[in-house]
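Numbering (this note's numbering), first residue to last: 7 to 62.
Next up, the structure:
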């Protein structure tokens, strides 16, 4: 991973695969969640965290 943009794209692809499965598990377990975008997306947060840890 040579750039932040590549990192974000890889994580975004993963999140697009992971989030629907995660939400379906929550729904089947009876847990209600809100789907508002009041904060950065999961892939944005993960990109920041991974980039931070790569630099330290």
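C-beta atoms are modelled at their ideal positions from N, C-alpha and C, and glycine is treated no differently.
Near residue i, which residues of its chain fall below 6 Å by C-beta distance, leaving aside the five closest residues on each side in sequence?
| i | result |
| --- | --- |
| residue 7 | Caution applies to residue 7, whose pLDDT of 49 falls short of 50 and renders its modelled position unreliable; the model cannot decide the point. |
| residue 53 | 13, 14 and 17 |
| residue 29 | none |
Starting from the C-beta of residue i, find all residues in its chain whose C-beta is less than 8 Å away, skip the five residues before and the five after it, and write them out in chain order.
| i | result |
| --- | --- |
| residue 10 | 53 and 57 |
Looking at residue j and residue i, is the spacing between their C-beta atoms short of 7 Å?
| i | j | result |
| --- | --- | --- |
| residue 49 | residue 21 | yes |
Who are the Cβ neighbours of residue i in its own chain at under 7 Å, not counting the five residues just before and after it?
| i | result |
| --- | --- |
| residue 24 | none |
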